[in-house]
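Visitor: Heads up: take any position in the sequence shown, counting from 1, add 59, and you land on the numbering used here. All C-beta atoms in this analysis are idealised placements derived from N, C-alpha and C, irrespective of residue type, glycine included. Dropping the structure in here first, questions after.
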Amino acid sequence: MPETTSSFLDKLQPAPQKKLLALDGGGIRGVLTLEILAGVEETVLADYFDYIAGTSTGAIIGTCLAIGMSVKEVRAFYLNNGPAMFSRAAVLRRFHYKFEQDHLAAMLKDVLGAETTLGSARLRTLLMMVLRNATTDSPWPVCNHPGALFNDRKFPGCNLDLPLWQLVRASTAAPTYFPPEVVRVGGEEFLFVDGGVTMFNNPAFQLFLMATVEPYNLNWPAARTRMLLVSVGTGSAPRPTLICGPRT
Numbered sequence: 060m061p062e063t064t065s066s067f068l069d070k071l072q073p074a075p076q077k078k079l080l081a082l083d084g085g086g087i088r089g090v091l092t093l094e095i096l097a098g099v100e101e102t103v104l105a106d107y108f109d110y111i112a113g114t115s116t117g118a119i120i121g122t123c124l125a126i127g128m129s130v131k132e133v134r135a136f137y138l139n140n141g142p143a144m145f146s147r148a149a150v151l152r153r154f155h156y157k158f159e160q161d162h163l164a165a166m167l168k169d170v171l172g173a174e175t176t177l178g179s180a181r182l183r184t185l186l187m188m189v190l191r192n193a194t195t196d197s198p199w200p201v202c203n204h205p206g207a208l209f210n211d212r213k214f215p216g217c218n219l220d221l222p223l224w225q226l227v228r229a230s231t232a233a234p235t236y237f238p239p240e241v242v243r244v245g246g247e248e249f250l251f252v253d254g255g256v257t258m259f260n261n262p263a264f265q266l267f268l269m270a271t272v273e274p275y276n277l278n279w280p281a282a283r284t285r286m287l288l289v290s291v292g293t294g295s296a297p298r299p300t301l302i303c304g305p306r307t
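What follows is the structure, given as structure tokens:
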């Protein structure tokens with residue numbers, strides 16, 4: 060892994076153009092995202108982009124990129140650990156979940172660090188990921204911008220103190236595939252499931268809002284020449300068209 064040369068705090072400084080990267084959810088199809096990124100990577104993407112966002116499998120890729128991993132390293136992580144992360148659950152548990160949770164959690168702890176938090180200086184770029192809070196039935200986009208709402212370290216429920224691996228695990232907890240992730244926030248326990256079951260499976264618009272809209276306290280200029288937003292998806296299967304009546 061490349062040695063950390065900067066932190067996400069450096070991305071808060073003014074620049075002629077801010078560069079944003081949004082990564083869709085899509086399960087193991089995240090390898091398609093990686094192939095696209097590999098085609099455009101000339102340097103470590105954390106050094107190029109100022110803000111990276113991801114949902115579900117996009118949260119895994121985005122977080123790995125944010126800590127300074129190259130696309131090649133992330134791709135190797137997917138290919139080498141995919142069978143373990145997504146191994147079939149024990150027979151008696153398949154009635155509830157298709158994949159074992161322990162493998163995925165263990166792999167995330169290994170690559171991200173069990174003690175690494177959302178506010179860690181290991182992150183070399185701003186990072187946002189989308190979760191769904193099943194307890195409150197609402198989407199939860201969380202980020203490491205220190206000026207964002209709920210990121211004030213004066214409060215016991217500061218999001219910056221949450222384990223990074225656990226947030227990624229929560230964003231990938233697809234219902235019927237993985238059990239919900241229990242995250243303690245401000246002394247309360249909440250159940251989180253895959254951010255892909257919210258309207259932000261493609262997090263590009265939410266990323267744009269968090270970078271530009273005043274309540275999110277970043278306020279980057281949204282002019283065409285001042286901002287570049289790259290959105291990478293995971294592909295989709297074509298749906299057959301049903302033709303009714305005689306063909307002409």
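1. By alpha-carbon positions, which one of LEU93, LYS213, GLN225 ends up nearest to ALA164?
2. Cutting at 6 Å between CB atoms, please list the residues of its own chain near SER65, excluding the five before and the five after it.
3. Consider the C-beta atom of ALA229 and the heavy atoms of the ligand FAD; say whether any pair is separated by less than 7 Å.
4. If you draw a straight line from the C-alpha of GLN72 to the C-alpha of LEU219, how long is it?
5. Does the beta-carbon distance from PHE251 to LEU177 come in below 8 Å?
6. For ALA125, count neighbouring Cβ atoms within 10 angstroms of its own Cβ and tell me buried if that reaches 16, exposed if not.
7. Compare the beta carbon distance of THR122 and LEU171 with 8 Å and say whether it is the shorter of the two.
8. Using the C-alpha atoms, what's the distance from HIS204 back to TYR275?
9. Would you kindly report the start and end of the unbroken alpha helix (DSSP H) that includes GLU94?
10. Between the alpha carbons of LEU287 and ALA81, how many angstroms are there, rounded?
11. Thinking C-beta only, is THR114 closer than 8 Å to GLY86?
12. Which runs of the alpha helix (DSSP H), 4 residues or longer, sit entirely within the region 223-266?
13. Grab me the residues of ALA244's own chain with a C-beta within less than 6 Å of its C-beta, minus the 5 sequence neighbours each way, in chain order.
14. May I ask you to list the residues that DSSP assigns as paired with ARG309?
15. Quick check on MET128: does DSSP put it in helix, strand or coil?
16. Does the Cβ of THR293 have 16 or more other Cβ atoms within 10 Å, making it buried, or fewer, making it exposed?
17. Using CA coordinates, which residue listed in ALA105, THR116, PHE67, MET188 is at the minimum distance from VAL90?
18. Going by other Cβ atoms of all chains shown within 10 Å of its Cβ, with 16 needed for buried, is ASP169 buried or exposed?
19. Using a Cβ-Cβ cutoff of less than 8 Å, which residues in the same chain neighbour LEU268 once the five nearest sequence positions on both sides are dropped?
20. Hey, TYR107 and LYS70: beta-carbon distance below 8 Å or not?
21. Name, in chain order, the residues that DSSP records as bridge partners for GLY113.
Guide: The answer reads as follows:
1. Taking only the C-alpha atoms, the option nearest ALA164 is GLN225.
2. ARG183.
3. This structure does not include the ligand FAD; it has no bound ligands of any sort.
4. Using only the alpha carbons, I get a separation of about 20 Å.
5. Their beta carbons are not under 8 Å apart, which means PHE251 does not touch LEU177 by this criterion.
6. It is buried - the Cβ of ALA125 has at least 16 other Cβ atoms within 10 Å.
7. For THR122 and LEU171, yes; Cβs fall inside 8 Å.
8. As the crow flies, the alpha-carbon of TYR275 is around 9 Å from that of HIS204.
9. For GLU94, the enclosing alpha helix (DSSP H) begins and ends at 89-99.
10. Pairing LEU287 with ALA81, the inter-Cα distance amounts to about 11 Å.
11. It is not a contact, given that the beta carbons lie outside the stated cut-off.
12. 223-230, all fully within the region 223-266.
13. A small correction: the amino acid at residue 244 is Val; Ala does not occupy that position in the sequence shown. Excluding positions up to five away in sequence, the list reads GLY216.
14. Shown here, the chain extends from 60 to 307; a query on residue 309 therefore has no answer.
15. In the structure shown, MET128 adopts coil according to DSSP, grouped into three states.
16. By the neighbour-count definition (other C-beta atoms within 10 Å, threshold 16), THR293 is a buried residue.
17. Residue THR116 is the option with its Cα nearest to VAL90.
18. With fewer than 16 Cβ atoms within 10 Å of its Cβ, ASP169 is classed as exposed.
19. So the qualifying residues of the chain are TYR275.
20. No, the pair does not count as a contact, with Cβ atoms beyond the cut-off.
21. Paired residues: LEU82, MET188.
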